[in-house]
Amino acid sequence: MATTEKMTLNMGPQHPSTHGVLRLVLELDGEVITKITPDIGYLHRGVEKLSEHRTYHQVLPLTDRLDYLAPMSNNLGYILAVEKLLDIEVPERAQVIRIIMAEMTRLESHLVWLACHALDIGAMTVFIYAFREREVIMETYEQISGARMTSNFFRAGGLSMDVPPEFEKKVRTFVDEMPGYLDTYEGLLTTNPIWLKRTVGNGVISAEDAIDIGITGPALRGSGVDWDMRRDNSYSGYDTYQFQVPVGKNCDTFDRYKVRLVEMREACKIIRQALDRLKPGPVLADCPQVCYPPKENVYNSIEGLIHHFKIASEGYPVPEGEVYQGVEAPKGELGFYIVSDGSSKPYRMRIRPPSFVNLQAIEKMAKGAMIADLVAVIGTLDIVLGEIDR
Amino acid sequence: MAENNRAVVRLKEKFAESILDVTEFRGEVTVTVKKDGIIPVLAFLKQSLQYNLLTDVTAVDYLGKKEDRYMLVYQLFSIDNKDRLRIKAPLAESDGRIQSATQVWRTADWLEREVYDLFGIIFENHPDLRRILMTPDWVGHPLRKDYPLQGPDREPYKGRLS
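Chains as they are written, first to last, in the working numbering: chain A, 2 to 391; chain B, 465 to 626.
Encoded structure:
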């Protein structure tokens with residue numbers, strides 16, 4: 002008599018559609034998934050441990066490398082937490098540039114998500130288009146910070162330097178063109194029967210389950226929960242901008258796709274409003290205990306050199322206390338919990354990564370589905386392993 | 465102020481004997497409760513005060529700084545009321561065990577596994593308490609303050625020689 006038995010299949014860590022070094026141990030009944038055991042930690046670099054041995058200023062480059070598709074969002078979350086501890090005010094121009102770059106980062110992260118998600122499901126054209134647009138954002142990154150990915154651009158008290166004069170025009174041209182590009186992507190996907198077959202009804206998770214598992218960001222909004230930290234728990238002056246928060250209703254991969262596309266359009270709106278507010282002015286707070294002096298002072302005066310040397314070698318003391326600062330990163334709520342003992346190094350820094358918590362939902366979303374649908378679920382969760390493993 | 469916080473008022477009424485301390489810093493309210501009272505407090509906050517999202521679970525190692533070595537930290541958020549609350553529970557080194565919050569939120573599953581992995585704190589009644597970031601055969605818990613930065617059995621980095 003013929004018998005059947007379950008098969009265990011290893012997926013990853015070196016697998017093109019696990020978006021990094023995610024390993025999944027799948028238990029299969031034919032092609033139907035009966036159990037998923039994620040295995041993570043392949044990219045663990047001990048960022049939290051390292052940060053306890055570095056000054057607040059030296060921790061900043063470590064944060065670029067968490068979610069490497071959205072470096073400026075990570076910078077922003079960390080810097081806001083440090084600023085909260087220090088209790089310092091940031092100049093208006095720096096705030097506005099931070100918002101422009103945070104939203105550009107959202108566009109960039111969502112473009113990579115769209116490109117890879119579509120490629121996983123078999124729509125290769127979108128991948129090529131989305132990476133073309135991403136290149137413009139990468140150029141902007143390079144223009145203002147000198148690096149395409151590891152930006153390390155924000156500073157406690159403002160920015161590392163002012164943006165070049167051509168920045169404003171370049172960004173404005175880009176956000177004016179972007180809605181047209183989004184129409185192209187939607188034209189390729191939204192009504193495409195193959196796309197609909199692969200995404201509608203895939204990876205369904207109800208709002209209650211999503212909150213219970215702790216999902217945040219677009220994945221939670223796709224399940225119909227109307228919560229966006231930029232609007233409801235505002236930081237950096239987001240409450241003074243006009244934008245819509247898209248919400249899904251069918252809780253499936255298609256709704257999350259729609260939510261993210263609308264978010265990209267809203268990001269363009271926010272950037273346009275921010276560009277209108279961009280006025281000349283200082284980009285670093287007048288706070289010599291914390292902020293580096295301007296470079297011309299360092300090169301031309303002994304006081305400036307001593308000032309620079311002092312902050313570079315000793316760092317700056319941060320008042321004793323503990324704060325939690327969350328930001329609406331492209332993937333969800335990115336939180337930094339810093340405990341300070343009054344010295345110039347964090348006593349403990351905890352990073353609350355959105356991808357780590359969101360990935361927990363994978364079993365709930367893909368159990369009972371086919372392997373090919375699992376690939377769509379990984380794509381729709383939009384995870385980055387640099388952030389999960391830290 | 466912290467005394468007027470909606471959660472603090474209700475917690476003081478209901479769990480007066482569990483609460484050790486209430487503080488406010490930079491507008492963030494922190495309530496420290498006894499380790500044994502943690503689950504009833506969290507469950508009450510979730511069911512009666514709409515703190516429906518468990519944002520984070522982590523720990524801090526106060527080796528040599530405080531009487532109780534570990535401090536468990538729970539960050540809560542209420543989507544309906546849009547406010548945050550931090551609950552902390554001290555844990556003595558000799559004890560090192562606490563009830564798992566997985567019975568209240570499923571989010572706690574991986575977050576507690578991470579705390580177990582990096583701090584060695586045992587969560588009782590956790591469904592699947594295994595290491596999550598380090599390899600299963602790893603010895604030691606890296607985020608403890610007495611765990612060397614460069615790893616075990618290695619000389620500390622002394623800077624470039626040339």
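Note that the Cβ used here is the ideal one computed from N, Cα and C, for glycine as well.
A residue is called buried when at least 16 other Cβ atoms come within 10 angstroms of its Cβ; residue 2 (chain A) does not meet this threshold and is exposed. Checking the DSSP bridge columns, you'll see residue 523 (chain B) partnered with B:536. DSSP places residue 487 (chain B) inside the beta strand (DSSP E), whose first and last residues are 483 to 489. For the region 560 to 587 of chain B, residues whose beta-carbon sits nearer than 9 Å to a beta-carbon of chain A comprise 569, 570, 571, 572, 573, 574, 575, 578, 581, 582.
Within the same chain, and ignoring the five residues on either side of residue 273 (chain A) in sequence, the residues whose Cβ sits closer than 7 Å to its Cβ are 176. At a cut-off of 4 residues, the continuous stretches assigned as alpha helix (DSSP H) that sit fully inside the region 571 to 600 of chain B are 572 to 583. The bridge partners DSSP lists for residue 554 (chain B) are B:535.
Boundaries of the beta strand (DSSP E) harbouring residue 39 (chain A): 33 to 40, taken from the DSSP string. What residue 524 (chain B) touches in chain A, judged by beta-carbon distance under 7 Å, is 340, 349, going in chain order.
Per DSSP, reduced to three states, the secondary structure at residue 367 (chain A) is helical.
DSSP, reduced to helix, strand and coil, places residue 492 (chain B) within a strand of the structure shown. Residue 388 (chain A) is a Cβ neighbour of residue 357 (chain A), given a cutoff of 8 Å.
With 16 or more other Cβ atoms inside 10 Å of its own Cβ, residue 228 (chain A) counts as buried. Contact between the region 319 to 331 of chain A and the region 101 to 111 of chain A is present: three or more C-beta pairs spanning the two stretches fall below 8 Å.
By the 16-neighbour rule on beta-carbons within 10 angstroms, residue 152 (chain A) is buried.
For the region 592 to 614 of chain B, the residues whose beta carbon sits under 9 Å from a beta carbon of chain A are, in order, 595, 596, 597, 598, 599, 606, 607, 609, 611, 613.
Under the Cβ distance rule, residue 546 (chain B) counts among the residues neighbouring chain A, one pair being separated by less than 8 Å. The contact set of residue 75 (chain A) on chain B, defined by CB atoms closer than 7 Å, is empty, because the minimum CB distance reaches about 16 Å. Rounded to whole angstroms, the separation of the alpha carbons of residue 611 (chain B) and residue 348 (chain A) is 14 Å. DSSP, read as helix, strand or coil, puts residue 336 (chain A) in strand.
For residue 3 (chain A), the three-state secondary structure derived from DSSP is coil. Distances from the CA of residue 277 (chain A) to each of A:172, A:117, A:90 were compared; the closest alpha carbon is that of A:172.
Put simply, the CB of residue 132 (chain A) is far from chain B, with every gap to its CB atoms at 8 Å or more. In its chain, beyond the 5 residues on either side, 7 have a beta carbon closer than 7 Å to the beta carbon of residue 30 (chain A). If you compare the alpha carbons of A:54, A:217, A:266, A:221 with that of residue 519 (chain B), the shortest gap goes to A:217. One thing to note: residue 179 (chain A) has its Cβ no nearer than 8 Å to the Cβ of residue 117 (chain A).
Fewer than three pairs of CB atoms, one per stretch, sit closer than 8 Å, so the region 122 to 141 of chain A makes no contact with the region 469 to 488 of chain B. Spatial neighbours of residue 224 (chain A) in its own chain (CB-CB distance under 7 Å, excluding positions within 5 residues in sequence) are listed in chain order as 206, 207, 208, 211, 249, 252. In the assembly as shown, residue 521 (chain B) is a buried residue. Its beta-carbon has 16 or more other beta-carbons within 10 Å. Residue contact with chain A for residue 489 (chain B): present (Cβ-Cβ distance below 8 Å to some residue of chain A). In this structure, the CA atom of residue 99 (chain A) is about 47 Å from the CA atom of residue 32 (chain A).
Sequence-distant partners of residue 343 (chain A) (beyond 5 residues in either direction) whose C-beta falls short of 8 Å from its own C-beta, in its chain, are 318, 319, 320, 321. Secondary structure at residue 330 (chain A): strand, using DSSP grouped into helix, strand and coil. If you check each beta-carbon in the region 291 to 304 of chain A against every beta-carbon of chain B, none falls closer than 9 Å. Among the bridge pairs identified by DSSP, residue 372 (chain A) is matched with none.
Ranked by how close their Cα comes to the Cα of residue 603 (chain B), the residues B:619, B:541, B:580, B:499 have B:580 in first place.
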